[in-house]
Structures are given as C-alpha cells and as structure tokens.
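What follows is one structure encoded as structure tokens, with my remarks underneath.
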Amino acid sequence: AAVFACNFSNHVYTLAAQIVRNNNLDFDLLKPLILETAEKVLTLNPLNAQTGPALRDDKITLNHHLEFLKNDPHLQEIYQSLSQSIINLHQKA
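For the sequence shown, our numbering gives the first residue as 328, with consecutive numbering after it.
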C-alpha cells in the first residue's frame with residue numbers, strides 16, 4: 328500500500344513535471360492542486376475524494392488529453408491505464 332500511496336504518486340508527480348516543463352510551464356502551477364488533493368484524502372475516504380474526467384466518464388476530455396499526449400505513447404498508456412482504473416473502481420462502488 329505504501330508503494331501505491333507514496334512511490335507511485337511521486338512518480339506521477341515526476342511525469343507531470345516533465346509534461347509542464349516540455350510545455351514551457353513551471354511545476355509550481357500544479358502545487359495548489361497537489362496540496363488540495365493531499366488535504367482531501369486526509370479527511371475523506373480516497374474513493375470519495377476522486378475528481379476528474381475519468382470519474383465523470385467525460386470521453387471528450389479524455390480524448391483531448393490523449394491527443395495532447397500523442398507524441399509520447401508511454402504517457403498515453405499510463406494515462407489510459409489510470410483512467411480506466413478510476414472508471415472501473417467507481418463503477419463497482
């Protein structure tokens with residue numbers, strides 16, 4: 328569980344840092360969102376803290392994001408896998 332909660336989340340932060348850097352943006356832009364998410368899971372069940380296009384099954388936004396990542400198949404694969412995991416988990420809930 329610790330690997331999922333800490334190691335994997337840090338790896339995703341690293342990927343996010345690469346994405347913003349590759350688009351001439353600063354990782355600091357994401358810090359308020361990261362802090363908001365961390366604070367939510369300290370008070371809510373993580374399942375109830377989930378937000379985003381996968382939770383909403385917003386296929387238009389999901390497809391826009393995949394198009395944005397078209398030059399990096401590895402990131403597309405990670406994005407699709409995590410999005411599908413969110414969809415599957417919330418369909419069961």
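Glycine included, every Cβ here is placed at the ideal spot set by N, Cα and C.
Limits of the alpha helix (DSSP H) - the one that residue i falls within
i: threonine 370; result: 358-370
i: glutamine 377; result: No alpha helix (DSSP H) holds glutamine 377; DSSP gives it neither H nor E.
Presumed contact (8 Å Cβ cut-off) between residue i and residue j, rounded CB distance
i: alanine 376; j: serine 410; result: So it is not a contact: roughly 16 Å between Cβ atoms.
i: phenylalanine 335; j: alanine 344; result: Going by Cβ atoms, the distance from phenylalanine 335 to alanine 344 rounds to 15 Å, so no, they are not a contact pair.
i: valine 347; j: leucine 356; result: 6 Å
Euclidean distance between Cα positions of residue i and residue j
i: lysine 362; j: serine 408; result: According to the sequence displayed, residue 362 carries leucine and not lysine. Each residue's alpha carbon lies about 24 Å from the other.
i: asparagine 351; j: phenylalanine 395; result: 15 Å
i: lysine 367; j: proline 373; result: 8 Å
i: leucine 371; j: alanine 365; result: 10 Å
i: lysine 358; j: asparagine 337; result: 13 Å
i: aspartate 385; j: glutamine 418; result: 14 Å
Whether residue i touches residue j by CB criterion (9 Å)
i: tyrosine 406; j: leucine 416; result: no
i: leucine 389; j: leucine 342; result: no
Buried or exposed by the 16-neighbour rule on C-beta atoms within 10 Å, applied to residue i
i: isoleucine 413; result: buried
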